[in-house]
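Novice: Please read through the structure below; I'll follow up with questions.
Protein chains: 2
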Amino acid sequence: MMNGLTPFLALSFLVVALAFAFAAYLYVWVKKKPTKNKTIIDVSELIKKGANTFMTREYKILAMFALGLAAVIFLLLPAPIWSAKAQISKNIYMAVSYLIGTALSAVAGKIGILVATLSNGRCAEAAQKGIKPAFLLGFRGGAVMGLLVVGCALLGVSAILWIVGDASILLGFSFGASSLALFAKAGGGIFTKTADVSADITGKVELGIPEDDPRNPAVIADNVGDNVGDVAGMGADLFDSNVAAMVSALVIAQSLGSGFLNTAMVFCYAFLGLLASIIGIATARIGKNGTPTKALNSSTYVTTAIFLALSAGATALLGFSWRIWGASATGLLVGVVIGLATDYFTDDTKPIVKKVAHASSSGPAFTILSGTAYGFISALPAMIGIAASALIAYKLCEPMGGSFPIFGISMAAVGMLSTVATIISNDAYGPIVDNARGLAEMGGLGEETIEIADELDSAGNTVKAVTKGFSIGAAGLTVISLLGAFMTEVNDAIRAAGGAIEDLITSFDIMDPTVFFGILIGAAIPAVFSAMLILGVDKNAQRMVAEIHRQFKSIKGLREGTAKPDYDKCIDIATTGSLRELLPAGLVAILSTVAVGFIGGPKAIGGFLLGNIVSGLLLSLFMSNSGGLWDNSKKYVESGHEGGKGSEAHKSAVIGDTVGDPFKDTAGPSINTQITVVSLVASLLSALFVSFNLFG
Amino acid sequence: MMNGLTPFLALSFLVVALAFAFAAYLYVWVKKKPTKNKTIIDVSELIKKGANTFMTREYKILAMFALGLAAVIFLLLPAPIWSAKAQISKNIYMAVSYLIGTALSAVAGKIGILVATLSNGRCAEAAQKGIKPAFLLGFRGGAVMGLLVVGCALLGVSAILWIVGDASILLGFSFGASSLALFAKAGGGIFTKTADVSADITGKVELGIPEDDPRNPAVIADNVGDNVGDVAGMGADLFDSNVAAMVSALVIAQSLGSGFLNTAMVFCYAFLGLLASIIGIATARIGKNGTPTKALNSSTYVTTAIFLALSAGATALLGFSWRIWGASATGLLVGVVIGLATDYFTDDTKPIVKKVAHASSSGPAFTILSGTAYGFISALPAMIGIAASALIAYKLCEPMGGSFPIFGISMAAVGMLSTVATIISNDAYGPIVDNARGLAEMGGLGEETIEIADELDSAGNTVKAVTKGFSIGAAGLTVISLLGAFMTEVNDAIRAAGGAIEDLITSFDIMDPTVFFGILIGAAIPAVFSAMLILGVDKNAQRMVAEIHRQFKSIKGLREGTAKPDYDKCIDIATTGSLRELLPAGLVAILSTVAVGFIGGPKAIGGFLLGNIVSGLLLSLFMSNSGGLWDNSKKYVESGHEGGKGSEAHKSAVIGDTVGDPFKDTAGPSINTQITVVSLVASLLSALFVSFNLFG
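Pasting the structure below:
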């Protein structure tokens, strides 16, 4: 343990404690709000039960997977226990740190479900009193999760580094967070979209009954899905991104070998970001002439401004490098810019959503074509933003020499994610108010309340796009710095194997055919991975649509509303199906990394990671944005444009939304995690790839 | 001029003469076949007129563009005429060779239209006598084009090298072919899909009248589109690929500097490939128990086998390197494997098409989702194939040292395209029989004849997928070797600018942030490019659908078949719209290359080219294959499965096909050309990027 670091770790623990205390306060605040409506309480209970059933079954499978992998890690990492250089204690640390990563990721998901299912009904009832109290309920419910997720990440990283003192053990922790996030995102994503798509297709299109109509057998499953996919999955995802960004910065900081200051800086920026978020969350509310969208966005901007000020102060006070501060600030600002660009393509007050809505009046094929096309175009600003922030961060830190430029890139990612607690709060707000809208409808709270809930929901959709910009951008930057971490690990392995200096890898040259080989295959993997998830939803939704048709045929009085549908059957289909589809896609990503490593060696893996990042960023931006675009185009039509509800344009827009659902909530955001997992697998197995390969 | 090369150039001219003579024979053979049906003759004439109108207007615009660009080339390339080292004669050569490239590309397109519009009616009438004579007519019509396109390419390359003696001047020729192909493909692609999509949407979906029904105002435009898009555009595309592969091999061969033998080898393989194609074409026919698909595929296999035998013989006889022969053979065989993989995903006797057809019965969203997912997965085998063939070619030639490994990769591309004359014949067969089917319907030749035409058409669709595998694969390999050519050009420029040895570029390291910057932006360009083309079709088709609606409202008796629609108005909309949309997408690709070059310098451009190849290959494979998959799923449903025509599954499948149309016939295949154009622009401007840039 470096002694100079101790105060920074102590401060980290202090800010974590503060965040947990504030979260507890908000939790109690939410819990104290009244619930009266019998139906809402009942349905809310059904949703909670469904979500917990799924989570329990999912975590059982993932626990077995994690234990198996922990055993493999214990045997192999950081060095095989049978090798001469192995230190058994390190292998134990690595395996345990992996398990802690998975456990904290699971906790993050579980907390999300707990708070979200607590808030949704209360938010619906608060909407009867107006938009302001309802907003505050949804937002503070989400904030509990945001604070706890980021607190857990900082706590885990600080504690492990405090105990072990070696940042490379943190790769195990990060891998634990990622591997669980991969499956939680995939499983939850398949669940939520199975239910959502089936409910929409049968309800809105075939039967012509409203969204969230209690006669629809899939309606509870749909609301459960919002929780297990958007809340738990998203929480695990951002926990993972946050950990990966910090860990890659810490690994590089330690390799810089110039004292504790750089390591301290990572922790300092992380706890200042959390502190800024606490302030941003505490001050968020709808102002005099405000809207929910403005309130959410202003919480992001307030957090951003406070973080920039605090981190500049700390840099001045503690003598950190201004160049690295500049890199962090660049990351954060580019994150905001990417968010704004995304907003342009998905906000229904901007022209693109209107164009797609207009195209819908010519038929569904035009909805799909125009949405696909704008989705592709929307990737451009974010790609430029990520490319530019990496270039600027690198060039800023280049005069510092050594590995500092790569450290600069990793600090850009840390900067981009510094405000992540606020971002998660905004993001978790979405499914809470989405649920609240459903509950308001089912509880018969009246047209006015539903309209308020609708407005809250629409704000959630728009802001989601902005926050996704952050998480995709940060994943891009993190993975670039992980590429640097991978090269460091490879060279350590080459040295350990007795290789000479000229054997060390100093570059991954795209003209090297082994690198190129890796690039092409790496680029294909996100496409295959997302395709498998989409097919999972597709297959599963077909099963559920068949079940819904069966119920409407066999249950008499269902259509008239005199009989109740069998909600549990639909929840069961979604659960079983998504658990069946969840492992294969993730395994394809992990095993293809292993295969390429053993065929082409470390150079091929360098290429593989690059190809994976490039096509992964492109596809996840495309899918997230086109999905958001279709969703909001549908909402735009439903609000009375292009013929409004029931028109041909509406039918087309619903089809677009259905296609977009698994794009934006299953495949798109899972690609993020897939990229991180693949990078970590590569770093962890680098020694094996150096020793055994066919062509490298 | 190297004297040892003369016999090889002479043999090239001889084989070209042979190919032209054979083409002339086939042309006369086709022309002698009878045409009797009055309607068919009339409609055939309308199609020809429409196609010629479009081509004339398109070529007028492109001629101005080409002349402008030729002036720029004269001023700047290979060195600015005001610079000390400029040789004015070289600048003239470069500009003239550019213009010859554009002119031959235009000729290739024009010839295609001529023969296709000659064959379509005759093929329809021949179908009355049975499938065998009709097949032969369609195939031989296509073969005229295949022979002439490849003959022109070999003639142009041989003649310019014979006169100038400097392979780098051929970059101008290749750029001429590419730049024209880019716009011809984009313009023709937008035209054909505007008409096709509008005809399908209004005819099949809204009015419930059959495909090619003469009451549909868009029906002639649709048939014109087959010619200007699939025939002329495809011809220009493959002319370009073929030229680019040869030229990049020749540039590298000359830089190898070990006598004329390597240059001779390129020509030798090129004319042997043409010879093999002549034999393959001459022997193609439907056997005793054969089908059109088998006949087309066997022509490919016969050509492949003959080329492998001939080139092995030549290698043994003339003392060429067996390693390089191995690289060529690998390229060719991988091309066949890619084709077979593509076939698996798009042939309606294989499971994938059936799965998508089945998904369609749950609604159009499932058609889109499953088609998208399988389209993504289908990219994997081709990506692996291209990666593996590049790696194998490189490793085979690595022991030869120097630039031989890169030469090996370029010869893999030459090998993959050696059979291109047969491939074009198979490809051009498609739109001819597609037209014939339309004419059989309009000419009232009876159900039996239409069924024969349908069978011919379906074979065309399947084989198209296989041939696309070749052209995408070859583009991938060619561009890798162009990346090598680019590095050579950059280093020449650095030396010319007085740079020291340590300034020379020896690698494009993905860890270099300038390279990485280029990679990310390069990866976004094919997405933006294809999006612009799709939006072009989308906008244009909306205009045409509105016009069709207008005609059905305002022309009395149209629905009943007693009045004639205004075909010309639809042709005019398609023409005007596609000419308006054709330039911007191409300019985005070219200008973004220039912008990245001036911002990041040659290293950024190296990354840009890589990002462009990687995402370009992924997206073009995805789009071509998912488009083919949707088209054949629709045909599969129409042949009586999943409820057959008029069922819900059919409606969904038609929507899938409509989405797939611009994917597979506008955007997908245009990306190929876009990649080549960008690579050539980069090579040509390398000296400027070395001299002027912001960060490099």
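Protein chains in written order, with the working numbering: chain W, 16 to 711; chain P, 16 to 711. Note that beta-carbon positions come from the ideal geometry of N, C-alpha and C, so glycine has one too.
Comparing alpha-carbon positions, which option in Gly250(P), Phe322(P) and Thr591(P) lies nearest Ile439(P)?
Specialist: Nearest C-alpha to Ile439(P): Gly250(P).
Novice: Return the CA-CA distance between Ile563(P) and Ala589(P), expressed in angstroms with no decimal places.
Specialist: C-alpha separation (whole angstroms): 12 angstroms.
Novice: Along the chain, which unbroken stretches of the alpha helix (DSSP H) at least 4 residues long are found entirely within the stretch 601-628 of chain P?
Specialist: Counting whole runs of 4 or more residues, the stretch 601-628 of chain P contains no alpha helix (DSSP H) stretch at all.
Novice: Mind reading off the beta-carbon distance from Leu1(W) to Ala123(W)? Whole number of angstroms is fine, and I expect it under 8 angstroms.
Specialist: Past the boundaries of the shown model lies residue 1(W); chain W is included only from 16 to 711, so the question cannot be answered.
Novice: Note down, in chain order, all residues in the stretch 357-379 of chain P with a beta-carbon under 8 angstroms from any beta-carbon belonging to chain W.
Specialist: Result list: Ala374, Ser377, Gly378 and Pro379.
Novice: For Gln102(P), count neighbouring C-beta atoms within 10 Å of its own C-beta (all shown protein chains included) and say buried if the count is 16 or more, exposed if not.
Specialist: Gln102(P) comes out exposed.
Novice: Taking only beta-carbon atoms, is Ser522(P) less than 9 angstroms away from chain W?
Specialist: Yes, because at least one Cβ of chain W sits closer than 9 angstroms to the Cβ of Ser522(P).
Novice: In whole angstroms, what is the alpha-carbon distance linking Val705(P) and Gly616(P)?
Specialist: Taking the straight line from one Cα to the other gives about 6 angstroms.
Novice: Looking only at C-alpha atoms, which of Gly643(W), Leu395(W) and Ala259(W) sits nearest to Ala192(W)?
Specialist: Among Gly643(W), Leu395(W) and Ala259(W), the Cα nearest to that of Ala192(W) is on Ala259(W).
Novice: In its own chain, which residues sit with a C-beta less than 8 angstroms from the C-beta of Ile549(W), not counting the 5 before and 5 after it?
Specialist: Only Pro677, Phe678, Thr681 and Ala682 meet the Cβ criterion.
Novice: In terms of alpha-carbon separation, which member of Arg338(W), Ser433(W) and Gly346(W) lies closest to Ala414(W)?
Specialist: Looking at the sequence provided, one finds Pro at residue 414(W) rather than Ala. The residue with the shortest Cα to Cα distance from Pro414(W) is Arg338(W).
Novice: Find the residues of chain W that neighbour Thr387(P), judging by a C-beta separation of less than 7 angstroms, and give them in chain order.
Specialist: Within chain W, the residues near Thr387(P) are Ile549.
Novice: Does Asp524(W) come out as helix, strand or coil in the three-state DSSP assignment?
Specialist: Strand.
Novice: Which chain W residues sit within Cβ distance under 8 angstroms of Ser630(P)?
Specialist: Simply Ala538, Val629, Ser630 and Leu633.
Novice: Quick test of the definition: if touching needs 3 or more C-beta pairs under 8 angstroms, does the stretch 589-600 of chain P touch the stretch 69-78 of chain P?
Specialist: Short answer: they touch.
Novice: Tell me which residues of the stretch 159-170 of chain P have at least one Cβ-Cβ distance to chain W shorter than 9 angstroms, keeping chain order.
Specialist: Flagged: no residues at all.
Novice: Just list the beta strand (DSSP E) runs in the stretch 49-92 of chain P, keeping only unbroken ones of 3 residues or longer that don't cross its boundaries, in chain order.
Specialist: Counting whole runs of 3 or more residues, the stretch 49-92 of chain P contains no beta strand (DSSP E) stretch at all.
Novice: Leaving out the 5 sequence neighbours to the left and right, which residues in its chain are closer than 7 angstroms to Phe37(W) when beta-carbon positions are compared?
Specialist: These residues qualify, in order along the chain: Leu162 and Ile293.
Novice: Closer than 9 angstroms, CB to CB, is Ser545(W) near chain P or not?
Specialist: Taking Cβ atoms only, chain P reaches closer than 9 angstroms to Ser545(W), which makes this a yes.
Novice: Does any C-beta atom of chain W lie closer than 9 angstroms to the C-beta of Leu498(P)?
Specialist: It does; some Cβ of chain W falls within 9 angstroms.
Novice: If you count every other CB in all the chains shown that lies within 10 Å of the CB of Met16(P), and 16 or more means buried, which is it?
Specialist: With a pLDDT of only 44 at Met16(P), under 50, the local geometry of the prediction cannot be trusted, and no value is derived from it.
Novice: Decide yes or no for the touch test of the stretch 538-556 of chain W against the stretch 686-700 of chain W: beta carbon pairs closer than 8 angstroms, at least 3 of them.
Specialist: Touching, per the Cβ criterion.
Novice: Quick check on the DSSP output: the alpha helix (DSSP H) that includes Lys208(W) runs from which residue to which?
Specialist: From DSSP, the alpha helix (DSSP H) with Lys208(W) extends over Leu185 to Ala214.
Novice: Whose C-alpha, out of Val629(W), Leu700(W) and Tyr651(W), is nearest the C-alpha of Ile686(W)?
Specialist: Ile686(W) has its Cα closest to that of Val629(W), out of Val629(W), Leu700(W) and Tyr651(W).
Novice: Which residue wins for smallest C-alpha separation from Ala81(P), given the options Gly572(P), Ala118(P) and Leu91(P)?
Specialist: Out of Gly572(P), Ala118(P) and Leu91(P), Ala118(P) has the C-alpha closest to the C-alpha of Ala81(P).
Novice: Please check if any C-beta of chain P sits within less than 9 angstroms of the C-beta of Met526(W).
Specialist: Yes, Met526(W) counts as interfacial toward chain P.
Novice: Look at the alpha carbon of Asp245(W) and the alpha carbon of Asp524(W), and state the distance between them as a whole number of angstroms.
Specialist: Cα to Cα, Asp245(W) sits roughly 39 angstroms from Asp524(W).
Novice: Starting from Asp680(W), find everything on chain P with Cβ-Cβ shorter than 9 angstroms and list it in chain order.
Specialist: Under the 9 angstroms cutoff, chain P gives no residues; its nearest Cβ is about 13 angstroms from Asp680(W).
Novice: With Gln269(P) as the anchor, note down where its alpha helix (DSSP H) starts and where it stops.
Specialist: Unbroken alpha helix (DSSP H) run through Gln269(P): Met249 to Leu271.
Novice: Are any of the Cβ atoms in chain W nearer than 9 angstroms to that of Phe28(P)?
Specialist: Closer than 9 angstroms: no.
Novice: Is the shortest distance between the beta-carbon of Met17(W) and the beta-carbons of chain P less than 9 angstroms?
Specialist: A caution first: Met17(W) carries a pLDDT of 49, below 50, which makes its placement in the model too unreliable to give a value.
Novice: From the DSSP output, in three-state form, read off Phe154(P) for me.
Specialist: Reduced to three states, the DSSP call for Phe154(P) is helix.
Novice: Grouping DSSP H, G and I as helix and E and B as strand, with all else coil, what is Trp97(W)?
Specialist: Three-state DSSP puts Trp97(W) in coil, outside helix and strand.
Novice: Strictly under 9 angstroms for the Cβ-Cβ distance: is Leu700(P) near chain W by that measure?
Specialist: Cβ-Cβ to chain W under 9 angstroms: no for Leu700(P).
Novice: Measuring CA to CA, which of Asp646(P), Gly203(P) and Leu265(P) is closest to Thr382(P)?
Specialist: Answer by Cα proximity: Asp646(P).
Novice: Can you tell which of Phe322(W), Asn640(W) and Cys283(W) has the C-alpha that lies nearest to the C-alpha of Leu20(W)?
Specialist: That would be Cys283(W), whose Cα lies nearest to the Cα of Leu20(W).
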